[in-house]
Amino acid sequence: MMPAVSRRDFLRSGVAAASAAVLGSGVLQPARLPAQQPGQRPRQDSRVKVLNPRMRVPLSFIIDDSTCLVNLAHFKVPQFAEVYPDRYRQPWRKFPREIPDRFVEKFGLWCLEHGVKGKYSVVPYPACVGWIDHFLPGWTRKELYRSIRLVQQLLVPNWDIHPEMVTHTWAIDTKTGRPYPYRTAAYLENTGFSVGKSAEFLAEYMAYALRILKNAGFRCEGVTTPGGFGSRVRPQLAQGTLEACRDVFATEIPHYFRDVIVDPNRSVAPQVYYASGLEGPDPRCVVSIIGCTGDWFGGWDGMLRDGSPDRFITPDLQSGRLVEVIDKGEPACLVCHWPGIYYHGQETGFKIFQEVVRRLHQRYEHLRWMTLSEIARYWAAKELTAIELSAGAVELRAPFACPDFTLQAPVPPGTNRVQVESPVWLRPLRLERVENPLRLAPGRFLLQGERAVVCFALPKGASRVVFSRPG
C-alpha cells in the first residue's frame, strides 16, 4: 500500500517533515491503511508478457495547484493559517495574486516543442476566490474566458485536465454552493473533510467539482486529490472516483492521482482497482496513478530554496530518482506544483524542469511521454485482458481497446509472418517486421530469438495474434 502522506508536506519538506506534521497532513501509519480491492482478474497465460507500450518507458509530468489566473499560493496560505497559525507563516501578501496567461503560453509552447505530456489541474473554485465556469472577482469575464480557451487550445490534448476537488481550501456544501461556516481542520479539503465519508458522499463531492469544469468546457477522465484528501478513506476515494467520472463524463476508465512514492525499493506502477463486468457490455475499473518524485522544482508555495535537477537525474546522467524508476521500466511520473514552476515570476521551477527534460532526452532514447489517462488505459488493458497461448497464436479478449498494445510471446520455429485478426475488422492486419526496437510501432513486430514482440491497436472484445512462416 502507498504511504498516506499529504503530498503538500511530503513534497515540500520530505518524509521526515511530513511525519512530524500529523495533525495537518493526514499522515497515517501504513498498517492502518484500509485495503483496496483489485476486483476481477482474467486468466493470462504466463508464457505471454504484456510489455510497456512500444517497449518504451512511460513518462508524465503531473502539475498540481494550477488553475486559471489565480495563484493558489497567494490565497491559500491565509486560509490554512486560520487552522494552523504556527505552520503557515509564509509572506503571502508578497506573493503575486496571478500566474499570468503569458507564462501558461510560454510553458505550453515549450512542452509542445519537446513532446511533454501530463496532467494539469484546474481547481474549479480556487481558494474560494471565484468560479471557473462563471466569474473570478478581480479579473474581467473576458480575461477568464481567454484563460480557459488558452488551456483548452494549447494544453489539451497533451494534458489531462483534473479538478483538484472544489476549492483546495475550505470544503463546499454542495447543496448551497457555499463553504461550510466552520473554520476547523474537519472542513479543510486538504486535511479532515474526507475522513469518515462514504464512497457515495465523495462521489457526489467530486462530481460537483467535475460539473463545474464541464460547464467551463473541459473534459476530465480523472481527479487529483488536494493534500491529504482521501488518505484515510482510500477504498471510498477509489470507488467515488469511479462513480463520479462515469456519472459526469461517462468516462470509460476513470483514474486518480493521490500518492507519491520515492522509496527505491517500492513499485510505482499504476494500480487497477474494482474491476468488474469484464466479459459484459459495461466493464468497469478505476486506476490509481502514482507519482515517483518529490516536488524538487519550486514547492507548492514557490519558496523551495534547494530545488535542483540533480535529484531527478544527475549531471553525469547516471543516477537520480528518475534513473532509478526508468531503469526498472516503470512509469516515471514527475510531480510539481504550479506556483513553484512560476516561482513568483522568476520561473525557477520551470528552468529546473527544462534541464531535467534535456538530461532525460540526452540519456534515453526509449521514453514515451504520455498523459495520465493514456497510462491508465494501458495498465487497465495490461491487467484486465484475458490472454491464452495456443498453437501458433495468442487469443485475446479485451474489456477495453488500447492503442500501442505490446506483447511478447513464444513463436513456432521459422516464424517470419505475424498478423492480427478481429471480428470487428474487415480483414486481418498484416504486421511489418522491424529489426530495431526503437522502430516498433502499431502494425509492426520484432523477432527476438524464439520470441516475438508485437505492437498493434488492441480492439475491444476478441482478437488473436497469428504467427506463421511463408509457405
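First residue of the sequence shown? That's 1162 in this note's numbering, and the numbers climb one at a time after it. Each residue gets a CB set at the ideal place from its N, CA and C atoms; glycine is no exception.
*Inter-residue spacing [alpha-carbon to alpha-carbon] between Thr-1328 and Arg-1482*: Here the question's residue 1328 lines up with position 167 in the sequence shown. Here the question's residue 1482 lines up with position 321 in the sequence shown. Straight-line Cα distance between these residues: approximately 31 Å.
*Beta-bridge pairing of Ala-1542 - partner residues as DSSP gives them*: Residue mapping note: residue 1542 aligns to position 381 of the sequence shown, counting from 1. BP columns for Ala-1542 are empty, so no partner.
*In this structure, what does DSSP give as the bridge partners for Cys-1563?*
Within the sequence shown, numbered from 1, the residue matching residue 1563 stands at position 402. Answer by DSSP bridge pairing, in chain order: Leu-1619.
*Have a look at Arg-1310, Asp-1424 and Tyr-1341 and flag the residue whose alpha-carbon is nearest the alpha-carbon of Gly-1378.*
To locate residue 1378, count along the sequence shown from 1; it is residue 217. Looking at the Cα atoms, Arg-1310 is the closest of the given residues.
*Put Cys-1289 into one of helix, strand or coil per three-state DSSP.*
Reading the sequence shown from its first residue, position 128 is the one you call residue 1289. Note: Cys-1289 maps to helix in three-state DSSP.
*Ordered list of beta strand (DSSP E) runs contained in the segment 1473 to 1545, each at least 3 residues*: Segments of the beta strand (DSSP E) lying fully in the segment 1473 to 1545: 1493 to 1498 and 1528 to 1530.
*asked:* In this structure, how does DSSP classify Glu-1382 when only helix, strand and coil are distinguished?
replied: Your numbering for residue 1382 matches position 221 in the sequence shown. Assigned with DSSP and collapsed to three states, Glu-1382 falls in coil, not helix or strand.
*With 16 other CB atoms within 10 Å as the buried threshold, where does Val-1585 fall?*
Walking along the sequence shown from the start, residue 1585 turns up at place 424. Label assigned to Val-1585: exposed.
*Extent of the continuous beta strand (DSSP E) run through His-1295*: Position 134 of the sequence shown, counted from the start, is the residue given in the question as residue 1295. No beta strand (DSSP E) contains His-1295, which DSSP labels as neither H nor E.
*asked:* Beta-carbon within less than 6 Å of Ala-1177's beta-carbon, same chain only, minus the 5 sequence neighbours each way: which residues are those?
replied: In the sequence shown, the residue the question calls residue 1177 occupies position 16. Annotation note: pLDDT 30 at Ala-1177 (below 50); position unreliable, no value reported.
*Please name the residue or residues paired with Lys-1278 in a DSSP beta bridge.*
Mapped onto the sequence shown, residue 1278 falls at position 117. Answer is none; Lys-1278 lacks a bridge partner.
*What are the start and end residues of each continuous beta strand (DSSP E) run of 3 or more residues lying completely inside the segment 1359 to 1437, in chain order?*
Counting only unbroken stretches of 3 or more residues, the beta strand (DSSP E) elements lying wholly within the segment 1359 to 1437 are 1383 to 1385, 1416 to 1421 and 1432 to 1437, in sequence order.
*Ignore the nearest five residues each way along the sequence and tell me which others in Pro-1564's own chain have a CB closer than 7 Å to its CB.*
Indexing the sequence shown from 1 puts residue 1564 at position 403. The answer, listed in chain order, is Pro-1603 and Ala-1618.
*Mind checking His-1295: buried by the 16 CB within 10 Å criterion, or exposed?*
On the sequence shown, position 134 is the one that residue 1295 refers to. Exposed, because fewer than 16 other Cβ atoms sit within 10 Å of the Cβ of His-1295.
*For Leu-1495, collect the residues of the same chain with a Cβ closer than 6 Å to its Cβ; drop the 5 residues on either side in sequence, then sort them by chain order.*
Translated into positions along the sequence shown, residue 1495 becomes position 334. In the same chain as Leu-1495, and ignoring 5 residues on each side of it, the C-beta atoms closer than 6 Å to its own belong to Phe-1222 and Thr-1454, in chain order.
*Sort Ala-1364, Glu-1382 and Lys-1336 by Cα distance to Pro-1396 and report the nearest one.*
Taking the first residue of the sequence shown as position 1, residue 1396 is located at position 235. Out of Ala-1364, Glu-1382 and Lys-1336, Ala-1364 has the C-alpha closest to the C-alpha of Pro-1396.
*asked:* Taking the alpha-carbon of Asn-1213 as reference, which of Leu-1590, Leu-1550, Leu-1587 and His-1527 has the nearest alpha-carbon?
replied: As a first step, residue 1213 must be located in the sequence shown, where it is residue number 52. Ranked by how close their Cα comes to the Cα of Asn-1213, the residues Leu-1590, Leu-1550, Leu-1587 and His-1527 have His-1527 in first place.
*Give the single residue among Pro-1444, Val-1448 and Asp-1471 whose Cα lies nearest to the Cα of Asp-1456.*
Numbered from its first residue, the sequence shown carries residue 1456 at position 295. Nearest C-alpha to Asp-1456: Asp-1471.
*Taking the C-alpha atoms as reference points, what is the distance between Tyr-1343 and Phe-1241?*
Against the sequence shown, residue 1343 aligns to sequence position 182. Against the sequence shown, residue 1241 aligns to sequence position 80. If I take the Cα positions, the gap works out to 13 Å.
*DSSP on Trp-1320, reduced to helix/strand/coil?*
Position 159 of the sequence shown, counted from the start, is the residue given in the question as residue 1320. In this structure, Trp-1320 counts as strand in the three-state DSSP scheme.
*Got a sec? Which residues, its chain only, sit under 8 Å from Tyr-1341 by beta carbon, not counting five neighbours each side?*
Position 180 of the sequence shown, counting from 1, holds the residue named residue 1341. Around Tyr-1341: Trp-1331, Ala-1332, Ile-1333, Asp-1334 and Tyr-1348.
_Pairs of beta-carbons, one from the segment 1583 to 1601 and one from the segment 1516 to 1523, closer than 8 Å: are there three or more?_
In short, these stretches do not touch, since the Cβ pair count stays below three.
*Classify Gln-1251 as buried or exposed, calling it buried when 16 or more other Cβ atoms lie within 10 Å of its own Cβ.*
As a position in the sequence shown, residue 1251 is number 90, starting the count at 1. Gln-1251 should be labelled buried.
*So what's Arg-1630 in DSSP terms, helix, strand or just coil?*
Locating residue 1630 in the sequence shown gives position 469, counting from the first residue. Coil, per DSSP.
*Who does Trp-1331 pair with in a DSSP beta bridge?*
Here residue 1331 refers to the residue found at position 170 of the sequence shown. Paired residue(s): Leu-1349.
_Rounded C-alpha distance that separates Arg-1193 from Leu-1465_ = Numbered from 1 along the sequence shown, position 32 holds the residue referred to as residue 1193. Numbered from 1 along the sequence shown, position 304 holds the residue referred to as residue 1465. Per-residue confidence for Arg-1193 stands at a pLDDT of 44, beneath the threshold of 50, marking its modelled position as unreliable; the derived number appears in the next sentence. In a straight line, the C-alpha of Arg-1193 is about 31 Å away from that of Leu-1465.
*Coarse secondary structure for Gln-1251, derived from DSSP in three states*: Taking the first residue of the sequence shown as position 1, residue 1251 is located at position 90. Of the three classes helix, strand and coil, the one that applies to Gln-1251 here is coil, per DSSP.
*Which residue from Ser-1207, Arg-1215 and Ile-1260 puts its Cα closest to that of Gly-1506?*
Indexing the sequence shown from 1 puts residue 1506 at position 345. In this structure, Ile-1260 is the residue among Ser-1207, Arg-1215 and Ile-1260 with its C-alpha nearest to the C-alpha of Gly-1506.
*Examine the Cβ distances between the segment 1564 to 1581 and the segment 1596 to 1613 and report whether three or more of them are shorter than 8 Å.*
Because the criterion of three Cβ pairs below 8 Å is met, the segment 1564 to 1581 and the segment 1596 to 1613 touch.
*asked:* Taking 8 Å as the cut-off, does the segment 1528 to 1536 touch the segment 1278 to 1290 (at least 3 CB pairs, one atom from each stretch)?
replied: Using a Cβ-Cβ distance cut-off of 8 Å, the segment 1278 to 1290 and the segment 1528 to 1536 are in contact, since at least three pairs of beta carbons, one from each stretch, lie closer than that value.
*Sequence-distant residues of its chain with Cβ nearer than 7 Å to Ala-1541 (five each side left out)*: The count along the sequence shown starts at 1 and reaches residue 1541 at position 380. Taken in chain order, the residues that qualify are Ile-1414, Val-1433, Cys-1446, Val-1448 and Phe-1561.
*Between the Cα of Arg-1258 and the Cα atoms of Arg-1578, Val-1429, Ser-1359 and Gly-1299, which residue gives the shortest distance?*
Reading the sequence shown from its first residue, position 97 is the one you call residue 1258. Considering only alpha carbons, the answer is Gly-1299.
*Look up Leu-1557 in the DSSP assignment and say whether it is helix, strand or coil.*
Taking the sequence shown and counting its residues from 1, one reaches residue 1557 at position 396. Leu-1557: strand per DSSP, three-state reduction.
*What are the start and end residues of the alpha helix (DSSP H) that includes Arg-1302?*
Here residue 1302 refers to the residue found at position 141 when the sequence shown is read from its first residue. Where Arg-1302 is concerned, the enclosing alpha helix (DSSP H) stretches over 1302 to 1311.
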